[in-house]
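Here is the structure we will look at.
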Amino acid sequence: MLKSEKKKIVIIGAGMGGLATAIRLAVAGCSVEVFEKNERTGGKLNLLEKGGFRWDTGPSLVTMPFVYRELFAMAGRKLEDYAKLIPIEPICRYFYPDAQNTIFETSDSISKMTAEIEKLEPHDVAAYFRFMAYSRRLYDLTAEVFLFQGLNALRDLRQLDPRDMFKIDPFRTVHQAVAASFKDPRLVQLFDRYATYNGSSPYLAPATLNIIPYVELGMGGWYVQGGLYALAQAYQKLAEELGVTIHTGLEWAVERIVTNGRQVQAVQLKSGATVAADIIVANTDVAYTYSHLLKEKVNQSRWSKLEPSCSGFVLFLGLNRQYSQLTHHNILFSRDYRREFATIFEDKVPSLDPTIYICWTGKTDPEHAPPGKSNLFVLVNAPYLSDAFDWAKPKAIQTYRNLIVNRMEEFGLTDLNSAIELEYTMTPLDLAQRYNAERGAIYGLSSNNRFSAFLRPPNRAKGVDGLYFVGGSTHPGGGIPLVTLSARIVADLIAEDS
Ligand SMILES: Cc1cc2nc3c(=O)[nH]c(=O)nc-3n(C[C@H](O)[C@H](O)[C@H](O)COP(=O)(O)OP(=O)(O)OC[C@H]3O[C@@H](n4cnc5c(N)ncnc54)[C@H](O)[C@@H]3O)c2cc1C
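Counting from 1 along the sequence shown, just add 19 to a position and that's the residue number in my numbering.
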């Protein structure tokens, strides 16, 4: 039990990081109250239900299932009693815009991966084994220091054996390491794509991110029965069983963190009420927290200078038919990957030749669409918000939507446009407004810098005692497993400080 027992903890935001922190602190004996400005918990992991169709609006792929199991186990529960994880096979089907219309399927089965690679380039089978061994080595070298504990740049640099510094491959980019490993350009594009799992560019992010193929292909890709939102519901249910009070809705939005200049004292809500707190955990974006909630601390807005991860443009399509060539997760690759990322991260405008991700949960959960119909979640990486592009300008959304639908038709989804019964869009502007995501970033901060792991804002706020950060914009980063790990780090720091 914490010495902070009986201390009053306020958590701002009921994203996955906020809910996981609430669970941990409640288990530690604290009194925990969560304030969420939206009607539903889950943050970016959310839900849309209309006309018999259902879509998850954020994450679609679950990795590192042991992270969720550990969270429930530390509360004396079994994850399986709250949410059922289902392995997805194939993990993803990739469609290439080449003359052969190549299709490639990834799997956590070594024999299936070997057979697929052999079809493209037999020499790359051995390359795959070498690459996965390297990816696993990266994981073994970095996970303990970078994922499972709070990051203290100097201490952690010292913790690393100088020889390991080279072994974690920070001086090459993801692409340089991948291109040096595989002969077939289609495999290079496929393994480059893993840099986007935390919203980064493979041409800029350090090769250390090549741990991600091991996390997905070595440990497996998972889905949550009923849809990923079931995982948010599982976190919420467990938190409430442990006595956490969760308030949702606009009147509960936190407008200000009240301090006495040094120590947090309370949060002020949109309704005008003030709620006292000994400790505040902000699940809100760090830059937003400093600039909007801690107004007297604007000098700390240096965090807003860090580069956000990419954002996303999403189409939720309800179709009056199904496309048999699609599986649960699908990628329609762009023709020029390098140009695509330069457009997104350098020009900061939407790519005219985008890679298109399609998730069809109805393939696994048929009740997500009426019989014979299908629910497609279509995601394209988009630049974070800047002056370079304005999603609010007339026809911006319609034009980009048309481009994507046309491209999907070119990939063989014939008559897609006329098959659409229902459609909704989510732009970077929506992400910024709905979740107060800094510049609409999906994953918090990008890793487009070899020192990004050390530049992330720390989980313990600087200059304000009693304030902690959890979630994608702090350590260890974005994605549901990492924000869940972030909660563990925050709970440990609070215990340490109490
Ligand atoms: C389209 C999309 C696809 C994604 N795909 C994947 C994927 O496949 N796999 C994966 O692991 N991850 C994926 N992610 C990323 C993942 O969703 C996020 O990294 C993770 O959910 C972020 O959790 P968080 O704890 O940082 O909080 P957030 O989800 O950012 O939640 C923060 C919460 O704070 C609330 N809030 C903000 N301001 C206030 C305020 N003033 N007062 C009260 N409440 C406030 C917000 O409403 C929100 O609910 C995806 C995200 C998106 C958007």
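For each residue, glycine too, the CB sits at the ideal point set by N, CA and C.
Just so you know, these numbers come straight off a predicted model, no measurement behind them.
Near ligand 1: residue i beta-carbon under 8 Å from a heavy atom
i, result
"Val263", "no"
"Val307", "For the record, residue 307 in the displayed sequence is Tyr; it is not Val. It does: the Cβ of Tyr307 is within 8 Å (strictly closer) of some heavy atom of ligand 1."
"Met35", "yes"
"Phe114", "no"
"Phe408", "no"
"Arg458", "no"
"Thr161", "no"
"Val51", "no"
"Gly497", "yes"
"Phe470", "no"
"Asp372", "no"
"Asp100", "no"
"Lys314", "no"
"Tyr153", "no"
"Ala272", "yes"
"Asn302", "yes"
"Phe54", "yes"
"Thr82", "yes"
"Val502", "yes"
"Tyr487", "no"
"Val333", "yes"
Rounded Cβ spacing between residue i and residue j (contact assumed at less than 8 Å)
i, j, result
"Pro402", "Ile363", "5 Å"
"Gly62", "Tyr487", "The Cβ separation is near 17 Å, so there is no contact."
"Ser330", "Leu404", "7 Å"
"Thr374", "Asn400", "7 Å"
"Tyr307", "Ala39", "Not really, about 20 Å apart at Cβ, beyond 8 Å."
"Ile416", "Thr446", "6 Å"
"His348", "Thr383", "That pair is no contact at about 10 Å."
"Leu139", "Arg88", "Actually they are not in contact, since the Cβ atoms of Leu139 and Arg88 sit about 35 Å apart, beyond 8 Å."
"Ile513", "Leu44", "7 Å"
Classification of residue i by the beta-carbon crowding that lies within 10 angstroms, buried from 16 upward
i, result
"Met20", "For Met20, the predicted model reports a pLDDT of 46, less than 50, meaning its position is unreliable; a value from the coordinates is still stated below. With fewer than 16 other Cβ atoms within 10 Å, it is exposed."
"Met184", "exposed"
"Val81", "buried"
"Asn65", "buried"
"Asn302", "buried"
"Val283", "buried"
"Ala249", "buried"
"His387", "buried"
"Ile230", "buried"
"Val368", "exposed"
"Gly37", "buried"
"Leu371", "exposed"
"Leu173", "Only weak support is given to the placement of Leu173: the predicted model assigns it a pLDDT of 45, under 50, and the value that follows is read from those uncertain coordinates. By the 10 Å Cβ count, Leu173 comes out exposed."
"Ser23", "Residue placement at Ser23 is flagged as unreliable, the pLDDT there being 47, under the threshold of 50; the coordinate-derived value follows with that caveat. Burial call: buried."
"Gly337", "buried"
"Gln208", "buried"
"Leu166", "buried"
"Asn436", "exposed"
"Phe360", "buried"
"Ile499", "buried"
"Ala295", "exposed"
"Thr161", "buried"
"Lys26", "buried"
"Lys56", "buried"
"Gly482", "exposed"
9 Å Cβ cutoff met for residue i and residue j
i, j, result
"Thr509", "Val300", "Inspection of the sequence shows that residue 509 is occupied by Val rather than by Thr. Going by C-beta atoms, Val509 is nearer than 9 Å to Val300."
"Ser328", "Gly463", "yes"
"Ala196", "Tyr153", "yes"
"Glu58", "Ile30", "no"
"Asp9", "Ile28", "Look at the range of the chain in this structure, 20 to 517, and you will see that residue 9 is not part of it."
"Ser471", "Gly490", "no"
"Ile350", "Cys111", "yes"
"Leu441", "Gly77", "no"
"Glu523", "Phe123", "The structure shown does not extend to residue 523, since the chain is modelled only from 20 through 517, so no value can be given for it."
"Phe190", "Ala214", "no"
"Pro558", "Phe352", "Past the boundaries of the shown model lies residue 558; the chain is included only from 20 to 517, so the question cannot be answered."
"Leu325", "Arg469", "no"
"Gln252", "Leu104", "no"
"Tyr356", "Asp203", "no"
"Lys414", "Gln341", "no"
"Phe396", "Trp410", "no"
"Asp484", "Arg155", "no"
"Asn467", "Ala292", "no"
"Leu236", "Thr125", "yes"
"Val286", "Phe54", "yes"
"Asp516", "Arg479", "yes"
"Gly431", "Asn120", "yes"
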